[in-house]
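Peer 1: I have a structure I would like to understand better, so I am pasting it below and will then ask my questions one at a time.
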Amino acid sequence: MTTAAREGSAEAPLRARGVEVEIGGTPILRGADLELARGELLAVVGPNGAGKSTLVRAVSGLQPLAAGEVRWSGRELGEMRGRDLARVRAFVPQRMPVPAGVTVREAVTIGRSSHLRPLRRLSAHDQDAIGAAMERTGVTRFAGRALTTLSGGELQRVQIAVGLAQETPVLIADEPTSQLDLGATVGIATLLRSLADDGLAVLLVVHDLALAAALADRAVIVAEGRTVAAGEPGAILTSERLASIWHAEAHLSEHDGRTALHVAWTERAEASRGAS
Amino acid sequence: MARRALVFAALAVAVIAASVVSLALGAINVPLSETIDILLGKGTGGPHEQIVETLRLPRTVEALAVGAALGVAGAILQGALANPLASPDVIGVTGGAGFGAILIIILFPGSIALLPVGALAFGLLAASLVFAIAWSGANRGNTGKVILAGIAVLSLFTAGTTGLLAAYPERAPSAIFFIAGGLTSSGWDELQTIWPYFAVGFICAAILIRPLDRLALGDDVAASLGSRPHLIRLGAAIAAALLAAASAAIAGLLGFLGLVVPHVVRMAGGTSSQTFVVPASALGGAALLAAADTLARTLRAPIEMPVGPFMVILGVPLFLWLLRKVV
Chain A
0 MTTAAREGSA EAPLRARGVE VEIGGTPILR GADLELARGE LLAVVGPNGA GKSTLVRAVS
60 GLQPLAAGEV RWSGRELGEM RGRDLARVRA FVPQRMPVPA GVTVREAVTI GRSSHLRPLR
120 RLSAHDQDAI GAAMERTGVT RFAGRALTTL SGGELQRVQI AVGLAQETPV LIADEPTSQL
180 DLGATVGIAT LLRSLADDGL AVLLVVHDLA LAAALADRAV IVAEGRTVAA GEPGAILTSE
240 RLASIWHAEA HLSEHDGRTA LHVAWTERAE ASRGAS
Chain B
0 MARRALVFAA LAVAVIAASV VSLALGAINV PLSETIDILL GKGTGGPHEQ IVETLRLPRT
60 VEALAVGAAL GVAGAILQGA LANPLASPDV IGVTGGAGFG AILIIILFPG SIALLPVGAL
120 AFGLLAASLV FAIAWSGANR GNTGKVILAG IAVLSLFTAG TTGLLAAYPE RAPSAIFFIA
180 GGLTSSGWDE LQTIWPYFAV GFICAAILIR PLDRLALGDD VAASLGSRPH LIRLGAAIAA
240 ALLAAASAAI AGLLGFLGLV VPHVVRMAGG TSSQTFVVPA SALGGAALLA AADTLARTLR
300 APIEMPVGPF MVILGVPLFL WLLRKVV
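See below:
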């Protein structure tokens, strides 16, 4: 191993500093930092429009930076080609389009295509990677079904399988549970947690703060285009921050690995508490 | 998988059957066995050999090449733009090629040999115009932008064509055959000029198969896999423009084929995976055009009917039947 490679392997998989993004001349991110360690599940939380999705898209190379620095295992993002990026991170979008006439297996196979040269066929190793991705996400039993026939939860599993087939050290998912019911959310959360436990670094945009608190090793709060806090979710998601950033009177509680967000859902609830 | 292999085999048989029939039948019918002998170089040097080798072989090859090119152009455009209505019309090629051909027919009737060149040049010019508009500024390469730019450019060139025809009504009849779309028995000359465009178009299409499959799962997944979605779309549009403009240069305006063949192939194969759809559309388009051209010149032989309207009349009922059955 060369010295450079050894230094590279000691680097965090992803480190971003002072990321700024403008879309159509409007600044969306004004200075965001992010650091993701090996085998860590990091949740990006924040109110609507804070720039959470833009941040994970920017570090993934899906959105051009206006300023700042992003390094993947020490390599500068701007110097990496699409194929290099496809080897270090997989990006799972919030909701992929559902084309007609594509089966689950075909979709996951497409997820493997970054490893193939043009016109080359799948190798045995590629087939194994596709099979493992499907097995891990629990989609093997409906591998032959068309994407158009799947439920929201099944589709989200397929999307994660497409990402896993890329066999990257980092998986980035943009609000994978935002459109799912309770049971499907639990299923996806369990899957993502177990992937992180097995050494995959997972970067997750998530709206549900109780879910973030239960699932994530660390969280980053994004507000108005800036990262304002990072750390253990229970420690940084304080009532004060929920009030100042989300404008809600609420607090997180945790008991036996179960989390809840206690919210004053109406102004009347806030008022009655004030009176008592 | 078995179903796809079956469809593929059926299409391959259709291509071979259509080619042999196209070589054998015409104003003079050559027996099938003799046709095959002539093809294998075992001909006896009679007039039949002359007919098959110098008239029908080039025409059949043209039909296969144009049919395959339009099928592939439609398949990759529909994939790239994620729009079932996409065909070479949508990127302006057909409108431009029509204008270029009519320009030669009406303003330079003495240089009719320039017609394929005019069609090719203006077809590519129109497509370049669409690309220049659609792949610049905000949202470059956005599907809606490509289609709107394409329809605007198409309208522009169609207006030019109509204007030319209205200004020189006495020369309009000679333009009708080109607009309707049809092949001629004019030997190898046209193919000799045009083949490089077909070759580049087909090679690009083959390379784009896998990137287009990625695009089916959305721009974000394609980007995750290291592709740049707007460049895939541009590549597909350029390949389709080359194939469609080269086709128009040889056979006039046969837009219908490029629109319908990929749909029929998808419905028959039960998949929209480009690994299947692109080559199957090539076979389907080739078989359809070779068969339709044979019918068009034999039904009322020795009078030749233009293959374009003929193919539409034959193809639309089949298409509508499949559409009812599948969707």
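Protein chains in written order, with numbering that gives the first Met the number 0: chain A, 0 to 275; chain B, 0 to 326.
We put the beta carbon where it would ideally sit given N, CA and C, even for glycine.
If you run the structure through DSSP and keep just helix, strand and coil, what is residue 120/A?
Peer 2: Mapped onto the first sequence, residue 120/A falls at position 121. Of the three classes helix, strand and coil, the one that applies to residue 120/A here is coil, per DSSP.
Peer 1: If you follow the alpha helix (DSSP H) that residue 47/B is in, where does it begin and where does it stop?
Peer 2: The residue labelled residue 47/B in the question sits at position 48 within the second sequence. Boundaries of the alpha helix (DSSP H) around residue 47/B: 46 to 49.
Peer 1: Taking three-plus beta-carbon pairs below 8 Å as touching, is the stretch 211 to 221 of chain B in contact with the stretch 87 to 102 of chain A?
Peer 2: yes
Peer 1: Based on the DSSP output, what are the partners of residue 173/A in its beta bridges?
Peer 2: Residue mapping note: residue 173/A aligns to position 174 of the first sequence, counting from 1. DSSP output for residue 173/A lists 204/A as bridge partner(s).
Peer 1: Pick helix, strand or coil for residue 255/A, following the three-state DSSP scheme.
Peer 2: Numbered from its first residue, the first sequence carries residue 255/A at position 256. DSSP places residue 255/A in coil when its eight states are reduced to three.
Peer 1: At what residues does the alpha helix (DSSP H) containing residue 194/B begin and finish?
Peer 2: Residue 194/B sits at position 195 when you count from the first residue of the second sequence. Unbroken alpha helix (DSSP H) run through residue 194/B: 188 to 215.
Peer 1: On the DSSP bridge list, what partners appear for residue 29/A?
Peer 2: Sequence index remark: in the first sequence, residue 29/A carries index 30 (1-based). Note: residue 29/A sits in a beta bridge opposite 19/A.
Peer 1: Does the beta carbon of residue 79/A come closer than 7 Å to any beta carbon on chain B?
Peer 2: Your numbering for residue 79/A matches position 80 in the first sequence. It does not: the Cβ of residue 79/A has no partner Cβ on chain B nearer than 7 Å.
Peer 1: Which residues in chain A have a C-beta closer than 8 Å to the C-beta of residue 271/B? List them in chain order.
Peer 2: Along the second sequence, read from residue 1 onward, the residue named residue 271/B stands at position 272. Per Cβ cutoff of 8 Å: 98, 99, 100, 101.
Peer 1: With a threshold of 16 other CB atoms inside 10 Å of the CB of residue 213/B, please say whether the residue is buried or exposed.
Peer 2: For this step, residue 213/B is matched to residue 214 along the second sequence. Residue environment: residue 213/B is assigned as buried (16 or more neighbouring CB atoms within 10 Å of its CB, all protein chains considered).
Peer 1: Report the CB separation of residue 113/A from residue 224/B in whole angstroms; it is logged as a contact under 8 Å.
Peer 2: Reading the first sequence from its first residue, position 114 is the one you call residue 113/A. Reading the second sequence from its first residue, position 225 is the one you call residue 224/B. With a Cβ gap of about 4 Å, residue 113/A and residue 224/B count as contacting.
Peer 1: According to DSSP, residue 34/A sits in a beta bridge with which residue or residues?
Peer 2: Counted from its first residue, the first sequence places residue 34/A at position 35. Partner(s): 14/A.
Peer 1: Let me see if you follow: with CB-CB separation under 7 Å, is residue 119/A close to chain B or not?
Peer 2: As a working mapping, residue 119/A is identified with position 120 in the first sequence. Under the Cβ criterion of 7 Å, residue 119/A is not counted among the residues facing chain B.
Peer 1: When you compare only the Cα positions, how much space is there between residue 246/A and residue 129/A?
Peer 2: Translated into the one-based positions of the first sequence, residue 246/A becomes position 247. Translated into the one-based positions of the first sequence, residue 129/A becomes position 130. Between the C-alpha atoms of residue 246/A and residue 129/A there is a straight-line separation of about 44 Å.
Peer 1: Buried or exposed, going by whether 16 or more other CB atoms sit within 10 Å of the CB of residue 244/A?
Peer 2: As a working note, residue 244/A is residue 245 in the first sequence. So residue 244/A counts as buried.
Peer 1: Count Cβ pairs between the stretch 158 to 165 of chain B and the stretch 275 to 293 of chain B that sit closer than 8 Å; are there 3 or more?
Peer 2: no
Peer 1: Taking only beta-carbon positions, decide if residue 177/A is within less than 7 Å of chain B.
Peer 2: Here residue 177/A is taken as the residue at index 178 of the first sequence, counted from 1. It does not; no Cβ of chain B falls within 7 Å.
Peer 1: Less than 7 Å between C-beta atoms, sequence neighbours within five positions excluded: which residues of the same chain meet that for residue 264/A?
Peer 2: Along the first sequence, one-based indexing puts residue 264/A at 265. Closer than 7 Å at Cβ, skipping near neighbours: no residue.
Peer 1: Using DSSP with H/G/I as helix, E/B as strand and the rest coil, what is residue 134/A?
Peer 2: Against the first sequence, residue 134/A aligns to sequence position 135. Helix, per DSSP.
Peer 1: With distances taken between CB atoms, is the gap from residue 81/A to residue 222/A smaller than 7 Å?
Peer 2: For the purposes of this step, residue 81/A is taken as residue 82 along the first sequence, with counting starting at 1. For the purposes of this step, residue 222/A is taken as residue 223 along the first sequence, with counting starting at 1. Not in contact: residue 81/A and residue 222/A (Cβ atoms no closer than 7 Å).
Peer 1: For residue 50/A, collect the residues of the same chain with a Cβ closer than 6 Å to its Cβ; drop the 5 residues on either side in sequence, then sort them by chain order.
Peer 2: In the first sequence, the residue the question calls residue 50/A occupies position 51. Hits under 6 Å: 27, 28, 221, 224.
Peer 1: Nearest to residue 188/B by CA position, among 14/B, 121/B, 294/B, 61/B, is which residue?
Peer 2: Counting from one through the second sequence, the residue named residue 188/B turns up at place 189. Residue 188/B has its Cα closest to that of 61/B, out of 14/B, 121/B, 294/B, 61/B.
Peer 1: So with CB distances below 9 Å, who are the chain A contacts of residue 4/B?
Peer 2: Locating residue 4/B in the second sequence gives position 5, where the first residue counts as 1. Those do not exist, as residue 4/B stays about 16 Å from chain A at its closest Cβ, beyond 9 Å.
Peer 1: For residue 65/B versus residue 250/B, is the C-beta distance shorter than 7 Å?
Peer 2: Numbered from 1 along the second sequence, position 66 holds the residue referred to as residue 65/B. Numbered from 1 along the second sequence, position 251 holds the residue referred to as residue 250/B. Yes; because the gap between Cβ atoms is below 7 Å, this pair is in contact.
Peer 1: Output the residue ranges of the beta strand (DSSP E) runs that lie fully inside the stretch 175 to 247 of chain A and measure 3 residues or longer, sorted by chain position.
Peer 2: 200 to 204, 217 to 222, 225 to 230
Peer 1: For residue 228/A, would you say it is in contact with chain B, using Cβ-to-Cβ distances shorter than 7 Å as the test?
Peer 2: Sequence index remark: in the first sequence, residue 228/A carries index 229 (1-based). For residue 228/A, the closest Cβ of chain B is not nearer than 7 Å.
Peer 1: If we count Cβ pairs, one from each stretch, closer than 8 Å, do we get three or more for the stretch 124 to 138 of chain A versus the stretch 175 to 183 of chain A?
Peer 2: no
Peer 1: Spell out whether any CB of chain B is found under 7 Å from the CB atom of residue 90/A.
Peer 2: For the purposes of this step, residue 90/A is identified with residue 91 of the first sequence, where counting begins at 1. So yes, residue 90/A belongs to the interface.
Peer 1: Does residue 52/A have its Cβ less than 7 Å from a Cβ in chain B?
Peer 2: On the first sequence, position 53 is the one that residue 52/A refers to. False, the Cβ-Cβ gap to chain B never drops below 7 Å.
Peer 1: For residue 17/A, which residues in the same chain have their Cβ closer than 6 Å to its Cβ, ignoring the five residues on either side in sequence?
Peer 2: Locating residue 17/A in the first sequence gives position 18, where the first residue counts as 1. 30, 67, listed in sequence order.
Peer 1: At a CB distance below 7 Å, what residues from the stretch 205 to 227 of chain B approach chain A? Give them in sequence order.
Peer 2: 205, 206, 209, 212, 213, 215, 216, 217, 219, 220, 222, 223, 224, 225, 226, 227
Peer 1: Please identify, using Cβ separations under 8 Å, the residues of the stretch 19 to 53 of chain A that lie next to chain B, in order along the chain.
Peer 2: 23
Peer 1: Once you ignore the five residues that flank residue 35/A on each side, which residues in its own chain have a CB closer than 8 Å to its CB?
Peer 2: If you number the first sequence from 1, residue 35/A lands on position 36. These residues qualify, in order along the chain: 11, 12, 13, 14, 41, 169, 200, 202.
Peer 1: Is any beta-carbon of chain B found at less than 7 Å from that of residue 85/A?
Peer 2: On the first sequence, residue 85/A is found 86 positions in, with the first residue counted as 1. Closer than 7 Å to some Cβ of chain B, the Cβ of residue 85/A qualifies, so yes.
Peer 1: Along the chain, where does the alpha helix (DSSP H) containing residue 152/A start, and where does it finish?
Peer 2: Taking the first residue of the first sequence as 1, we reach residue 152/A at position 153. Here the alpha helix (DSSP H) through residue 152/A covers 151 to 163.
Peer 1: Check each residue of the stretch 104 to 119 of chain A: if its Cβ is closer than 8 Å to any Cβ of chain B, include it; give the result in chain order.
Peer 2: 105, 106, 109, 110, 112, 113, 115, 117, 118
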